[in-house]
Each structure stands twice: as C-alpha cells, then as structure tokens.
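Trainee: Structure provided below as structure tokens; questions to follow.
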Amino acid sequence: MNMLKHFRDNNEKHEIPEDAYVIHYLGLKPWKCNRDYDCNWDIKFHSNFASDSVYKRWWKVHDGMAKELQYYCGDNKEGEMIIRQRVEARNNVDFTL
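With our numbering, the residue at position 90 of the sequence shown is 271, and numbering never jumps.
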C-alpha cells in the first residue's frame with residue numbers, strides 16, 4: 182500500500198496501516214528533526230503532517246539499513262547543524278496563546 186503522510190483534523194492518532202509499503206513524507210522530513218519526536222508538531226501549519234508512529238517507523242527502517250547509506254539520510258555534520266539550529270529556534274519560541 183502506498184501512503185501519503187497527511188492527516189485530517191478528525192484523525193487524532195495520526196497513524197497509518199501496518200501494511201503500508203511506501204510512505205510519502207510531507208512537511209519536515211524525519212532526518213531534519215531530532216530523533217525524539219516529529220518536529221512537524223512544532224509548526225502550526227505542519228501539524229497535519231506530524232505523526233509519532235510514522236516517525237518511529239522511519240527511524241526503525243533507517244537504523245536497519247547499511248551504515249554507509251545512512252549518510253544520505255542526513256546523518257552528517259550538515260544535517261546535525263540544521264537540527265541544532267531548529268531546536269535552538271524552537272526553544273526560543275513562546276507557545277502560549
């Protein structure tokens with residue numbers, strides 16, 4: 182099954198079926214976030230793309246691939262710098278309404 186990672190407002194769990202073979206990631210890609218959670222939750226207009234379960238699945242596949250291929254998924258110094266900058270910006274935002 183081919184899945185698009187986009188969820189409507191009435192889909193609170195943001196999950197995809199286990200038999201999904203291909204997942205098209207919309208919004209910020211997993212390799213552009215920290216491993217601990219999907220950083221699409223941090224951006225209001227990206228919340229429809231956020232999914233903790235899909236995010237965990239991507240990292241499971243990532244960790245199972247050959248180490249020499251992981252470099253192409255953002256596991257490099259440039260990718261780490263982008264993540265650090267995004268985390269720093271997120272930590273400086275007031276999320277109160």
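Glycine included, each C-beta is placed from N, C-alpha and C at the ideal position.
Suppose you measure from the CA of ASP200 to the CA of GLU269; what does that come to, to the nearest Å?
Mentor: Their backbone Cα atoms lie some 36 Å apart in a straight line.
Trainee: My output table needs one value for ILE146: the three-state DSSP class, helix, strand or coil.
Mentor: Residue 146 falls outside the range modelled here, since the chain spans only 182 to 278, and no answer is possible.
Trainee: Given a cut-off of 9 Å, decide if ASP223 and ASP233 are closer than it, judged by their beta-carbon atoms.
Mentor: No, the Cβ-Cβ distance between ASP233 and ASP223 is not below 9 Å.
Trainee: Let me make sure I understand the geometry here. Which of TRP239, HIS227, ASN229 and HIS205 has the alpha-carbon closest to that of GLY212?
Mentor: Gly is not the amino acid found at residue 212; the sequence shown has Trp there. The shortest Cα separation from TRP212 among TRP239, HIS227, ASN229 and HIS205 belongs to TRP239.
Trainee: With distance defined between alpha-carbon atoms, name the residue in ASN215, LYS237 and LYS225 nearest to MET262.
Mentor: Residue ASN215 is the option with its Cα nearest to MET262.
Trainee: Where does MET262 sit, in a helix, a strand or coil, going by DSSP?
Mentor: If DSSP states are grouped into helix, strand and coil, MET262 belongs with the helices.
Trainee: Nearest to VAL203 by CA position, among VAL235, ASN272 and ASN229, is which residue?
Mentor: Nearest of VAL235, ASN272 and ASN229 to VAL203, Cα basis: VAL235.
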